[in-house]
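The structure appears right after this line, and notes come after that.
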Amino acid sequence: MKNRIFSVLSILMLLAVTFSFSGSEKTYATSAGDLRDEIDDLENKQDSVKDEKEELESSESEIEEKIEKNQAKQDRILGQIEEIDQEVAKTQKNIENTEEEISKTEKEIKKLKENIKETKKRIAKRDELLENRLRTMQRNGGSVSYLEVLLGAQDFGDFLTRTNAVSKIMDSDKKILEEQKAEKEQLEKDKAEVEKKKEELVAKKDELESAKERLDEQKQEKSDLVAKLKQEEKELHEHKMSLQEKQQILQKQQEAYNRMIEQKKDKLEQLSTPPSSSGGNGQFIRPAQGYITSEFGGRWGGMHNGMDISKYGKIPIKASASGMVYRAYRSSSYGNVVYITHSMGGQQYTTLYAHMRYYTVSEGQYVQKGQVIGYMGNTGNSTGQHLHFELHEGPWNYSKSNAVNPRKYISF
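Here numbering that gives the first Met the number 0 is used: position 360 in the sequence shown is 359, and no number is missing along the way.
Okay, here's the thing in structure tokens:
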């Protein structure tokens, strides 16, 4: 909102710096030569306005080019963000898949531990079987070897039977021992492989999460850059709108100059005996009735560049002097405001009437001193019904360097 107010104020400053019209019907050039000088002056100002318009058009073209580049950059970065989003989604999917694999591996490890437990039980049973078999071979408190068993045969048939039995026992014992060894080795191998697989999966997950974090950081950086570019684009559009408003006002200014030049030329043709111009105090009148609630000068640590007049009711506001209305609109700060430019005795003046309830004149309209131009109100930055009245010796400008105390010209 502040930028908008400053934009409007800068427009008014631009307008007032170059704007000047001939004023009161009671103020005439003293000779045809003076009229020609005034026409030349208006034409020079018209040329100046034309130059300013061309500069503004050039500036607007530059702004449009910057806006296009800004938007192209935004599109490019948004495309990069979209690619990052796709990569993030892909990485997240890989993380989820890896987590599933880790979960499966943990189940494998759990199952393997159960198998190891069962295998240990089987080994214990086999150990018990071997021990029982050895105890069977031990009789009468002494140990009997396989050789003794064979030598104790009663006959050859018994020897063969015993030999076959011993062979089977030895083969069975050997097979049990080999199976135990193989199972132990396989279990240890399986356990090592599964644990290694889990370590690899955990490392893979950590790597994927790190990659996702980097992608998230890149996306945030890109998003911050887009936000910055959007703000820059917004400011460029505001600047462009400001330039367009200035061009519109300059166009109105040109039209007003054309009207004034025609008026001067008509007067030049009709001029027979130049009347003398009035000047000095008495050229301005009080713009409204009421109490003076704030004087011109320092106020609230700043400068009050006008005079506030307050009164209840529907109070008419009158043109303080004859002149041309060059701006009439609703401002965020001044509310309903009217600017009038006057030319008296070769001196330009500007009067400003702010916070109106409404105004009754239009831009480019010539008004007479004392003519009602609106009614006192409470619009804009105002805390109560009043008229804020400014008088400038010269054009209105943003710094208000030409503002003077209205009491210099008006008796309140």
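Just so it is clear, CB atoms sit at the ideal spot from N, CA and C, and this is done for glycine as well.
Small disclaimer: the values here were computed from a predicted structure and weren't measured.
Measuring straight from C-alpha to C-alpha, what distance separates residue i and residue j?
| i | j | result |
| --- | --- | --- |
| S57 | R326 | 25 Å |
| S171 | E117 | 21 Å |
| T26 | M259 | Legend: pLDDT at T26 = 40, less than 50; position of this residue unreliable, no value from coordinates given. |
| P315 | T378 | 15 Å |
| V201 | E127 | 42 Å |
| Q282 | I339 | 14 Å |
| K211 | Q91 | 7 Å |
| K399 | I83 | 54 Å |
| P405 | L249 | 28 Å |
| Y175 | N131 | Note that residue 175 is Ile in the sequence shown, not Tyr. If I take the Cα positions, the gap works out to 14 Å. |
| G322 | K52 | 25 Å |
| E187 | D74 | 58 Å |
| E389 | W299 | 18 Å |
| R213 | H238 | 37 Å |
| I284 | E244 | 32 Å |
| R412 | I115 | Absent from the structure is residue 412, since the part of the chain shown begins at 0 and ends at 411. |
| F18 | R35 | Since pLDDT at F18 reaches only 42, below the 50 mark, its modelled position is unreliable, and the value read off the structure follows with that caveat. F18 and R35: Cα-Cα distance of roughly 18 Å. |
| T382 | G345 | 38 Å |
| I94 | K173 | 49 Å |
Could you give the C-beta distance for residue i and residue j, rounded to a whole number, given that I count them as a contact under 8 Å?
| i | j | result |
| --- | --- | --- |
| H387 | N401 | Wrong, their Cβ atoms sit about 16 Å apart, outside the cutoff. |
| Y328 | A353 | The pair is not a contact, with the Cβ atoms about 11 Å apart (cut-off 8 Å). |
| V336 | M355 | 7 Å |
| Q364 | V324 | 5 Å |
| I488 | K264 | Residue 488 lies beyond the residue range present for the chain, which begins at 0 and ends at 411; the question has no answer from this structure. |
| L41 | Q246 | Not really, about 20 Å apart at Cβ, beyond 8 Å. |
| Q43 | E232 | Correcting the residue type first, residue 43 is Asn in the shown sequence and not Gln. Rounded, the Cβ-Cβ distance is 39 Å, inconsistent with contact. |
| Q347 | P394 | 6 Å |
Given that a residue counts as buried once 16 or more other Cβ atoms are within 10 Å of its Cβ, and exposed if not, what is residue i?
| i | result |
| --- | --- |
| Q219 | exposed |
| S241 | buried |
| M302 | exposed |
| T104 | buried |
| E81 | exposed |
| G312 | exposed |
| Y290 | exposed |
| G32 | exposed |
| A181 | exposed |
| F295 | buried |
| G297 | exposed |
As a quick exercise: from the options, pick the residue whose alpha carbon is nearest that of residue i.
| i | options | result |
| --- | --- | --- |
| S222 | E105, L77, K368, E63 | L77 |
| K368 | L235, K317, G297, A123 | K317 |
| N304 | E237, N396, S60 | N396 |
| A71 | K229, E42, K197, E192 | K229 |
| T97 | D205, Y256, G322, P394 | D205 |
| Y408 | G383, H385, K183, S319 | S319 |
| Y358 | V48, T350, M375 | M375 |
| K197 | E184, I108, V87 | I108 |
| Q252 | E95, L111, E362, V87 | E362 |
| A123 | V366, E99, Q179, K266 | Q179 |
DSSP puts residue i in a beta bridge; with which residues?
| i | result |
| --- | --- |
| Y348 | H341 |
| E389 | L351 |
| V459 | The displayed coordinates of the chain run from 0 to 411. Any statement about residue 459 would go beyond what the structure contains. |
| Y357 | Y374 |
| D205 | None; D205 has no bridge partner. |
| S330 | G334 |
Check whether the Cβ of residue i sits closer than 7 Å to any heavy atom of the ligand COA, and report yes or no.
| i | result |
| --- | --- |
| G363 | This structure simply doesn't include the ligand COA, nor any ligand for that matter. |
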